[in-house]
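J.:
In our numbering, the protein residues as written are 30 to 983.
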């Protein structure tokens, strides 16, 4: 084994990275292995180079001669391996290896085998044995190989082509036809090009080879011409297929489709009557599918059968004469007629009349209202279902003649709405809190009031009772709260009807807070039934005001019992507390349970005159006594109090400064003067209200006076009371009586809350009275929601009446529909006379109309087993005259009117085709063709009608 010289990558210069290392033994030359054939690989071996030689590169050469300078390096051949290119065929090559020391070593030359090319006979690729003008044909075959064994690659072979056409017994080139494909000119046959062939030349390197001539292919329209002739055999004429059986015709069509698809694109383009084949394929498919559908009739369920039969009938009716020629002997047509046979008309008409009567019998008319005869949801639902099942048993033609089916749909709608209403009671439970029951009942009541009169009569009585109980769930709580509130603020004048003490004070406060919290938990309607809540809120506030004074008085008492407290401090404290006490209202003062102890514990005041008594001391002491009396205003009228204050004030001003010191209760006189001023200001408001001549405006001013009075301190309330009560007792006579109005509103609905007991005019009057109330008085109207609903109902009824006045005579159906949408209470606002006229009109429309029904029968008789009767035109004119004489309501009964218009349309279509008719002569072929085309487009039904009406045309 040869030794190898190993290097690490870091020890080798970058340019010499991974060099080839020569072996150490053998002759100093390079050897070459591999086949001397194109596309084979030759490999240089350096096993025989001097030991430790490092080869840094290779170069392969073509041998040029005996002189090395004539050797030609082969471009790119610089590795130990060398794939022999086609250019090397027939040449000699060698390789030269160069070491890192610059030494060069050569191999012996290798002679590369010459190429011995051969090529197979080319062929002309075509879709058939013929080529069609306009078709592009392509060269196939012409496979090139090297007999010397070289494995040639396709990219090494260059082909050239030449196409030839036959002239006489020889062939000549086709100018420009030098590609592997050749498009035969459209005018080839005209130009005499009937036979063509092709030759191929291949080049590999410098070697050439030429093929033999291809087989000749003939240019002809034969494929297209044959297809055209075969397609022609599908038709007898433009309106009739050449068919002996649908199966054989279908097979023929399928065969021709396959032949057509095998044609070249150019050949297909020459088949000018392909649309006949294409349509035949479609028509065969249509007839086949229709046959399949007829065969499956027995598999269709009863519910879907009418629709299924209608689809079959309509599908066949769309077939034209050419398509129907595939229905041999009218086999399919007769099958369809058999499955569409109408039932006996007489029996069906009897059933229609019975059903009409059964539907009308569902309703009852009394007291100008409409109700259902079945009084329960279950019985009404059963009656409707029975009628609908019987209607479903009728044939399709007669189902539409059943009148008043809107009554059935209305009944089902009413049942559904009542069931939905009853479902609402699932949300109501006697275990719920009273407020939750009332809240739930409110939403149920809203839904209840939206029900019509007919719907209300279907609501079971137990649900109505349950609703009332839920609505009244808070009544006990309301009664208890009213009693408790009354015990605190009932019959209040100058004082609250409680006598709080130090021990009971907090209990009263807690109780009032509890009552207020319970009130806040009530529903809005229940809260409106609470009497005196505003007064209770005032009491809550008064407790807080009184509590502060109570604490101040207790503090004063402690201060007065404290030894060493200066008289001036005690006097100031007393005076301040007294002033605060006097600012309280009478009601607030009635809560100050320690007021008497405070008032009786006046501070002792020593007068210091520095040993000099004033001359008017006696007058000062007398004035002090007079001022003391002013503390008890209940002993005075306003006039007396005003006079006493003025006199006392004058006397005080006349005293000397020394004398004034003896009037130690002067603060009472100051307080009295302020009370006098406050009352005078209040009197001005009273006077303004008294002078108002408009009752509504006076009511608002009196409300302002009442608010002001409630805020006056106790002393001022006493002094102002006379004029205040005189104002209230002598307000204008037409001032609103809130209680009476509230009671009148409550009476506008019936006890069962299903109808109104008053007229629209009365509701409007009550609404006007309510609007005149002040905001505070409106709060006292606990039945305001009843009035609001009534006003809304009035607007809807007034809108309905406009529709009634405008349309009842000309279009009563519109009015009836609008009337049926009114709720029970809304209906009650319509006058009984108008309600009755609407009901009478509705009943009139519901009655069976024999004339209309007979007309329905006549229209249905125009077709017998899918074919029009004889003398159709005369019968249609008679029916048209009779129909036009009907009223609009009677016309609405004729549900099969479209059949009449269809018959009229079909008569016109047939007449239009007849208008094109001309006899068959040599000089009118185009006109005759136009008539035949139009006739061929008639449906089977119209074809039969035409043959009946214009028999001479055929």
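Glycine is no exception: its CB is placed at the ideal position from the N, C-alpha and C atoms.
How far does the beta strand (DSSP E) with residue 353 in it reach, from first residue to last?
T.: Residue 353 -> not in any beta strand (DSSP E); alpha helix (DSSP H) instead, spanning 350 to 353.
J.: Can you give the Cα-Cα distance for residue 951 and residue 960, rounded to whole angstroms?
T.: 15 angstroms
J.: Starting from the Cα of residue 116, find the closest Cα among 76, 235, 65 and 184 and give me that residue.
T.: 235
J.: Kindly list the residues whose CB is nearer than 7 angstroms to the CB of residue 858, restricted to its own chain and excluding five residues on each side of it in sequence; keep chain order.
T.: 785, 789, 822, 823 and 826
J.: Have a look at residue 55 and residue 105 and give me their C-alpha separation to the nearest angstrom.
T.: Annotation note: pLDDT 40 at residue 55 (below 50); position unreliable, no value reported.
J.: According to the Cβ coordinates, are residue 440 and residue 391 closer than 8 angstroms?
T.: Result yes, Cβ atoms of residue 440 and residue 391 sit closer than 8 angstroms.
J.: Considering only C-alpha positions, which residue in the set 935, 949, 955 and 947 is nearest to residue 966?
T.: 935
J.: Under the rule that 16 or more other beta-carbon atoms within 10 Å means buried, what is residue 747, buried or exposed?
T.: buried
J.: What residue range is occupied by the uninterrupted beta strand (DSSP E) comprising residue 111?
T.: Residues 110 to 112.
J.: Whole alpha helix (DSSP H) runs in the region 518 to 579 with 4 or more residues, listed along the chain?
T.: 534 to 549 and 553 to 556
J.: By the 10 Å Cβ neighbour count, where 16 or more other Cβ atoms means buried, how is residue 50 classified, buried or exposed?
T.: Confidence at residue 50 is low in this model, with a pLDDT of 42, below 50, so its placement is unreliable and the value that follows should be read with caution. So residue 50 ends up on the buried side.
J.: Assign residue 398 to one of three DSSP states: helix, strand, or coil.
T.: Residue 398 falls in the strand class under three-state DSSP.
J.: Taking its Cβ as the centre, do 16 or more other Cβ atoms sit within 10 Å of residue 139, making it buried, or is it exposed?
T.: Label assigned to residue 139: buried.
J.: In three-state DSSP terms, what is residue 691?
T.: Here residue 691 sits in coil by DSSP.
J.: Quick one: residues in its chain with C-beta nearer than 7 angstroms to the C-beta of residue 867, no 5 flanking neighbours on either side, listed in chain order?
T.: 844, 845 and 848
J.: In chain order, what residues of the same chain have a beta carbon less than 8 angstroms from the beta carbon of residue 154, not counting five sequence neighbours either side?
T.: 166, 167, 168 and 169
J.: Let's test the definition: count the other Cβ atoms within 10 Å of the Cβ of residue 164 and tell me whether it reaches 16, buried, or not, exposed.
T.: It counts as buried.
J.: Can you tell me whether DSSP reads residue 864 as helix, strand or coil?
T.: helix
J.: Report the rounded CA-to-CA distance for residue 528 versus residue 815, giving the unit in angstroms.
T.: 41 angstroms
J.: How would you write the range of the beta strand (DSSP E) that residue 266 sits in, first residue to last?
T.: 264 to 266
J.: Check each candidate in 791, 739, 740 and 721 and name the one with the smallest Cα separation from residue 760.
T.: 721
J.: Taking the straight line between their C-alpha atoms, what separation do you get for residue 360 and residue 262?
T.: 23 angstroms
J.: In the DSSP assignment, what residue or residues form a beta bridge with residue 248?
T.: 160
J.: Should residue 52 go down as buried or exposed, given a rule of 16 or more other Cβ atoms within 10 Å for buried?
T.: With a pLDDT of only 41 at residue 52, under the threshold of 50, the placement of this residue in the model should not be trusted; the figure read from the coordinates follows. So residue 52 counts as buried.
J.: Can you tell me where the alpha helix (DSSP H) holding residue 973 begins and where it ends?
T.: 969 to 978
J.: Is the separation between the beta-carbon of residue 312 and that of residue 264 shorter than 8 angstroms?
T.: Not closer than 8 angstroms, so no.
J.: Quick one, which of 686, 456 and 295 has its alpha-carbon nearest residue 213's?
T.: Measuring C-alpha to C-alpha distances from residue 213 to each of 686, 456 and 295 identifies 295 as the nearest.
J.: Tell me whether residue 435 sits in a helix, a strand or coil according to DSSP, three-state version.
T.: helix
J.: Just checking, does the region 374 to 386 make contact with the region 427 to 439 on the three C-beta pairs under 8 angstroms criterion?
T.: Contact between the region 374 to 386 and the region 427 to 439 is present, with at least three C-beta pairs closer than 8 angstroms.
J.: Just to confirm the assignment, what range does the alpha helix (DSSP H) spanning residue 74 have?
T.: That residue, residue 74, is in no alpha helix (DSSP H); its beta strand (DSSP E) goes 70 to 74.
J.: Counting only the same chain and skipping the five closest in sequence on each side, list residues whose C-beta sits under 7 angstroms from that of residue 592.
T.: none
J.: Under the three-state reduction of DSSP, which class applies to residue 24: helix, strand or coil?
T.: Absent from the model: residue 24. The displayed extent of the chain is 30 to 983, so no value can be given.
J.: Residue range of the beta strand (DSSP E) that residue 175 falls in?
T.: 173 to 175
J.: Grouping DSSP H, G and I as helix and E and B as strand, with all else coil, what is residue 93?
T.: coil
J.: Taking 8 angstroms as the cut-off, decide whether the C-beta atoms of residue 771 and residue 744 are in contact.
T.: no
J.: Rounded to whole angstroms, what is the Cα-Cα separation between residue 513 and residue 559?
T.: 11 angstroms
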